[in-house]
Amino acid sequence: MFYDHQQIEKKWQKYWEDNQTYKTSNNTDKPKFYVLDMFPYPSGAGLHVGHPLGYIASDIYARYKRHQGFNVLHPVGYDSFGLPAEQYAIQTGQHPAITTEQNINRYEEQLRKIGFSFDWSREVRTSDASYYKWTQWIFIELYHSWYNKNTDKAESIDTLIKHFEEKGTEGLNANQNDELNFTAEEWANASDIDKEDILLNYRLAFRAETTVNWCPALGTVLANDEIKDGKSERGGFPVFQKKMMQWSMRISAYSERLLQGLSTLDWPQPLKDAQEYWIGKSQGAQVQFQVEGHNEIVEVFTTRPDTIFGATFMVLAPENPLVDTITTEAQKAEVDTYIEETSKKTERDRMSDVKNVSGAFTGSYAINPFSGEKMPIYISDYVLMGYGTGAVMAVPAHDERDHRFAKKFNLEIKKVVETEEDVQENSFDSKDSVCVNSDFLNGLHYAEAKSKIISEIETKGIGHGTTNYRQRDAIFSRQRYWGEPVPIYYKDGMPYTLPVSALPLELPEVEKYLPTEDGDPPLGNAKTFAWDEVNQKVVSTDLIDDQTIFPLELSTMPGWAGSSWYFLRYMDPQNDGEFSAKNLSDYWGQVDLYIGGSEHATGHLLYSRFWNMFLKDRGYINHDEPFQKLINQGMILGMSAFVYRIDGTNQYVSKNLASEYQTQQIHVDVSLLKGTSDELDTEAFKAWRPDYAHAEFILEDGKYITDREVEKMSKSKYNVVNPDDICDEYGADGLRLYEMFLGPLEQSKPWNTQGLSGVYGFLKKFWNLYFNGEVFEVSEEEPTKAEYKVLHTLIKKVVYDIENFSFNTSVSSFMIAVNELQKLKCNKRNILEPLAVIISPYAPHICEELWSLLGHDTSIEFEKFPALNEDYLIEDEIEYPVSVNGKMKFKISLSAQLSAKEVEDLVISNEKMQQILEGKTPSYIYKD
88 MFYDHQQIEK KWQKYWEDNQ TYKTSNNTDK PKFYVLDMFP YPSGAGLHVG
138 HPLGYIASDI YARYKRHQGF NVLHPVGYDS FGLPAEQYAI QTGQHPAITT
188 EQNINRYEEQ LRKIGFSFDW SREVRTSDAS YYKWTQWIFI ELYHSWYNKN
238 TDKAESIDTL IKHFEEKGTE GLNANQNDEL NFTAEEWANA SDIDKEDILL
288 NYRLAFRAET TVNWCPALGT VLANDEIKDG KSERGGFPVF QKKMMQWSMR
338 ISAYSERLLQ GLSTLDWPQP LKDAQEYWIG KSQGAQVQFQ VEGHNEIVEV
388 FTTRPDTIFG ATFMVLAPEN PLVDTITTEA QKAEVDTYIE ETSKKTERDR
438 MSDVKNVSGA FTGSYAINPF SGEKMPIYIS DYVLMGYGTG AVMAVPAHDE
488 RDHRFAKKFN LEIKKVVETE EDVQENSFDS KDSVCVNSDF LNGLHYAEAK
538 SKIISEIETK GIGHGTTNYR QRDAIFSRQR YWGEPVPIYY KDGMPYTLPV
588 SALPLELPEV EKYLPTEDGD PPLGNAKTFA WDEVNQKVVS TDLIDDQTIF
638 PLELSTMPGW AGSSWYFLRY MDPQNDGEFS AKNLSDYWGQ VDLYIGGSEH
688 ATGHLLYSRF WNMFLKDRGY INHDEPFQKL INQGMILGMS AFVYRIDGTN
738 QYVSKNLASE YQTQQIHVDV SLLKGTSDEL DTEAFKAWRP DYAHAEFILE
788 DGKYITDREV EKMSKSKYNV VNPDDICDEY GADGLRLYEM FLGPLEQSKP
838 WNTQGLSGVY GFLKKFWNLY FNGEVFEVSE EEPTKAEYKV LHTLIKKVVY
888 DIENFSFNTS VSSFMIAVNE LQKLKCNKRN ILEPLAVIIS PYAPHICEEL
938 WSLLGHDTSI EFEKFPALNE DYLIEDEIEY PVSVNGKMKF KISLSAQLSA
988 KEVEDLVISN EKMQQILEGK TPSYIYKD
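Counted the way our numbering counts, the sequence shown spans residues 88 to 1015.
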């Protein structure tokens, strides 16, 4: 029977949509299972075949859990704020909302075509005002919260105010920007403005001067992961370090909890390691060094206070505020030049560049509080203002980077840890040796030396033992248009939140999407974007009088804001009164399975965990972590095609002749190849781009053969394969099966369209099991034991594979089972019905059609997954090989129920064995 995949797939996709087959109920007694894919950004290019890999895996698992009787939440939505749409708006004037809507429509069309079992009724978009209303609400909650170290959680700012009213800062243990000290009386006498200023020091969403990655060409601050090699990932524009007043999130308050929480998660170890490194917990001491001739103190954090006698110089971050104060007139020009050069590097670049040594001398000296020796103070880009105190005591004998710096600037290198190593030539960093040249620490091992020096530091009143974290507070402002407006207005220079009743604060219309002539963010171009405090509404900016009508914040939120909590909104997406009803967030709880790329390790995944913990602290949800199990899918790689252009000409030479010429290798679009071959369609190539219109070709055997190479699938490499084309030719079920068949989910693997013919052949063979020629024919006859064995062998294998995410081996098992059933000429209902259910998570369209042909009027989706009966796997007979004097002579099949003695007797009495023995008795019988 002809397998018409196009007709079948259109039919069932329409059925699922019309019948809302995958709409998830919140009212059920079933156990829940929450399956989620990482939020897609809807780019203009649409999907290529690499994108659905993780979606197919999660869809198989979601369908399997439905078959197991779970109430499955498997939603979809779009992370629809983003820089590409804004850049397109700048270039064309088209509003980003229009571009985004077009892109989403294209994405949805493609996703539906692949047959995903998403609950489309729960779709969310971060750029919809109904969604970002709650992103703004979470910001307001963060603003009105502080972190109480005593209770180890976030609390309402009201509890902090109460503490100030009763005790001032006495007994306060809070995460803060600066350590403040005042009495309850001083708090009571402070002005409202001063009180607001003090509270900003503690709020979890706060405004402060911060060093940021500033991209003038884009007119915005960029996150580290939006920068590559000192340039913006989008557009390749230069990025500079700059100090600006920015909104930040106090994620640093959660560093220890974020670290400890990793042990509770079923995540890939490399991802956990990345977060652990990013958080960067270290224990040591905070120590103060007096600057000679100044009233200034340089405070450092060091993990090796036991080496303080070997500290021979100090290094400050170029952006450290002390640099201006302590730099001498003679060194000012050199220092200023160095600071300017450093501003062109991102923090990530500075951290990763471990080999290049550079710096500038400030002209000032610090005094070592233990040796009493003078220590020249330098600046260098390897010290970061955001980590520790923005200053280090350099111990070149026992730190590789300090050693390189000392050698470069001819500074003293002093051994203080016993070693045979010549520390003048190489640094020696060990915690296994003892202290030397260190006065009262001499002879002590690391642990006791560290404890003793910290005690002495505290006795001297110049510092204390402490724990530090590399993770810094997350910058939350972006000078862009296409993002969530920050619900803040400014009164007397201080920020105030809008009332919740005023949310959402919607994006205003603007005439242009660039910064204003005064350098304000694009929202500064809005004509209606001011806050009327009396009437509680947004009004014209012309009305601002700083009496009752005030300016609104002009920055927007970063791209990660909306994606830091979307998994919660899916639980109750239409709720206009709260982000999610508590009973629903309690029911759905954690995401049970989360699939996405490893590139989000220290961005989205950290911010989501932070916001989730915060909402738990404030009592809005009950679960500590958002994602219990996480899988990073690998990449599907493209098979790029290349032509060879002879240098200085418009001639193109075929692959196997290219070595005879000086050539340049050029990517060409894989769609220009003939069918699935490597032959270039030369006419299509000439029509592809104007500069190739007059191309000439040097052929081999009358053909132009391209070179091929496996690379990342990317538009820029012209190796993208459109899933729509695959669905048209081989079907969505063929695409789904092939992507799983390619290899283990977590590994990267090359795409080869030719390979689809194999899985398509399997689908046709599977289809024809149910037909006798052109007639659908299924027998009611009881299956044989051999047929049951094939079925239950498959059940056992598929259950194991799905639960261990080994989807590729399941596809192989499908092929084996169908081949065996075909050999057995099996058309029994009791085999073919459960077979359709087993294969349906992978190939839902064909299985729905077969289920319908089997006489069912409901979807196959909620049928119980077939139960394994191990009895069918027990062998009735065992085939024994019989060897004589080490040589195998024959095989004999005997009942599996026989004892070893019975088997021995039957083998000895066997006619063949009697011929071999010739009446003799075997001297030894070995039984394995």
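Using N, Cα and C, we set each Cβ at its ideal position, and we do this for glycine too.
- Item | Residue range of the unbroken alpha helix (DSSP H) whose run includes residue 106 | Per DSSP, residue 106 belongs to the alpha helix (DSSP H) from 92-106.
- Item | Beta carbon of residue 615 nearer than 9 Å to that of residue 434 | Result no, Cβ atoms of residue 615 and residue 434 do not sit closer than 9 Å.
- Same chain only: Cβ atoms within 8 Å of residue 914, ignoring 5 sequence neighbours per side: Within the same chain, residue 914 has close Cβ partners 856, 857, 859, 864, 865, 866.
- Could you name the residues of the same chain whose beta carbon sits closer than 7 Å to that of residue 103, not counting the 5 residues immediately before and after it, in chain order? Non-local C-beta neighbours of residue 103 in its own chain, meaning closer than 7 Å and more than five positions away in sequence, comprise 109, ordered along the chain.
- Message: With a threshold of 7 Å on Cβ separation, who are the neighbours of residue 700 within its own chain once the five nearest residues in sequence on each side are excluded?
- Response: Result list for residue 700: 341, 344, 711, in chain order.
- Message: Can you look up residue 479 in the DSSP assignment and give me helix, strand or coil?
- Response: Looking at residue 479 - three-state DSSP - the assignment turns out to be strand.
- Message: When you compare the segment 231-238 with the segment 169-189, are there three or more beta-carbon pairs, one atom per stretch, that lie closer than 8 Å?
- Response: These segments do not touch.
- Nearest-angstrom beta carbon gap, residue 414 and residue 381 [assumed within contact, 8 Å]: Contact between residue 381 and residue 414 does not hold, since the beta-carbon distance rounds to 11 Å and is not under 8 Å.
- Query: Among residues of its own chain, excluding the 5 on either side of residue 861, which ones have a beta-carbon nearer than 6 Å to its beta-carbon?
  - Reply: So the list reads 88, once near-sequence residues are dropped.
- Task: Specify whether the segment 318-332 and the segment 262-277 touch according to this definition: at least 3 beta carbon pairs, one from each stretch, less than 8 Å apart.
- Result: Contact between the segment 318-332 and the segment 262-277 is absent, because fewer than three Cβ pairs lie under 8 Å.
- Message: Please list the terminal residues of the continuous alpha helix (DSSP H) segment that includes residue 125.
- Response: Counting along the chain, residue 125 falls outside any alpha helix (DSSP H), and DSSP gives it neither H nor E.
- Secondary structure of residue 794, DSSP reduced to three states: Strand.
- Task: Taking only heavy atoms of the ligand NAP into account, decide whether any of them is closer than 8 Å to the Cβ of residue 694.
- Result: Only the bare structure without any ligand can be found here, which leaves the ligand NAP out of the picture.
- Message: To the nearest angstrom, how far is the alpha carbon of residue 515 from that of residue 418?
- Response: Those two C-alpha atoms are separated by around 32 Å.
- Query: Which two residues bound the contiguous alpha helix (DSSP H) that contains residue 774?
  - Reply: It spans 769-775 - the alpha helix (DSSP H) in which residue 774 sits, taken as one unbroken run.
- Message: Considering only the alpha carbon of each residue, which of 937, 946, 883 lies closest to residue 958?
- Response: Taking the Cα of residue 958 as reference, the smallest distance to any Cα among 937, 946, 883 is reached at 883.
- Are residue 555 and residue 477 touching if we call contact CB-CB under 9 Å? Cβ distance not < 9 Å, so residue 555 and residue 477 don't count as in contact.
- Query: Between which two residues does the beta strand (DSSP E) carrying residue 964 extend?
  - Reply: Looking at the DSSP string, the run of the beta strand (DSSP E) that includes residue 964 is 964-971.
- Burial state of residue 812, where buried means 16 or more other Cβ atoms lie within 10 Å: The residue is exposed, with fewer than 16 neighbouring Cβ atoms inside 10 Å.
- Enclosing alpha helix (DSSP H) for residue 654 [first to last residue]: 653-656 is the extent of the alpha helix (DSSP H) around residue 654.
- Quick one: Cα of residue 605 to Cα of residue 201, how far? For residue 605 and residue 201, the distance between alpha carbons rounds to 49 Å.
- Message: Can you give me the C-alpha to C-alpha distance between residue 221 and residue 213, rounded to a whole angstrom?
- Response: Cα to Cα, residue 221 sits roughly 10 Å from residue 213.
- Query: Does the beta carbon of residue 988 sit closer than 9 Å to a beta carbon anywhere in chain C?
  - Reply: In the displayed structure, chain C is absent; only one protein chain is listed.
- Query: Alpha carbon to alpha carbon, how far is residue 1009 from residue 877?
  - Reply: So the two alpha carbons sit approximately 40 Å from each other.
- Looking at C-alpha atoms only, which residue of 410, 283, 620, 642 is the closest neighbour of residue 633? For the residues 410, 283, 620, 642, the minimum Cα distance to residue 633 belongs to 620.
- Could you give the distance in angstroms between the alpha-carbon of residue 739 and the alpha-carbon of residue 440? Residue 440 has its alpha-carbon roughly 41 Å from the corresponding atom of residue 739.
- Under a three-way DSSP split, which group does residue 913 fall into? Here residue 913 sits in coil by DSSP.
- Message: With DSSP as the reference, identify every bridge partner of residue 754, one or two as the case may be.
- Response: DSSP, once it has assigned bridges, lists 729 as partnering residue 754.
- Message: Which residue marks the beginning of the alpha helix (DSSP H) containing residue 192, and which one marks its end?
- Response: First-last of the alpha helix (DSSP H) with residue 192: 183-200.
- Query: Do residue 429 and residue 489 have their C-beta atoms within less than 9 Å of each other?
  - Reply: It is not a contact, given that the beta carbons lie outside the stated cut-off.
- Task: Reducing DSSP to helix, strand and coil, say where residue 233 ends up.
- Result: In this structure, residue 233 counts as strand in the three-state DSSP scheme.
- Message: Using CA atoms only, rank isn't needed, just tell me which of 208, 333, 963, 999 is closest to residue 975.
- Response: Nearest of 208, 333, 963, 999 to residue 975, Cα basis: 999.
- Item | Cβ neighbour criterion (16 or more within 10 Å) applied to residue 980 | So residue 980 counts as exposed.
- Query: Helix, strand or coil: which one does DSSP assign to residue 410?
  - Reply: Helix, per DSSP.
- Message: To the nearest angstrom, how far is the alpha carbon of residue 385 from that of residue 402?
- Response: When the Cα atoms are used, residue 385 and residue 402 turn out to be separated by approximately 10 Å.
- Message: When you compare the segment 447-466 with the segment 354-369, are there three or more beta-carbon pairs, one atom per stretch, that lie closer than 8 Å?
- Response: No, because fewer than three Cβ pairs between the segment 447-466 and the segment 354-369 fall closer than 8 Å, the two stretches do not touch.
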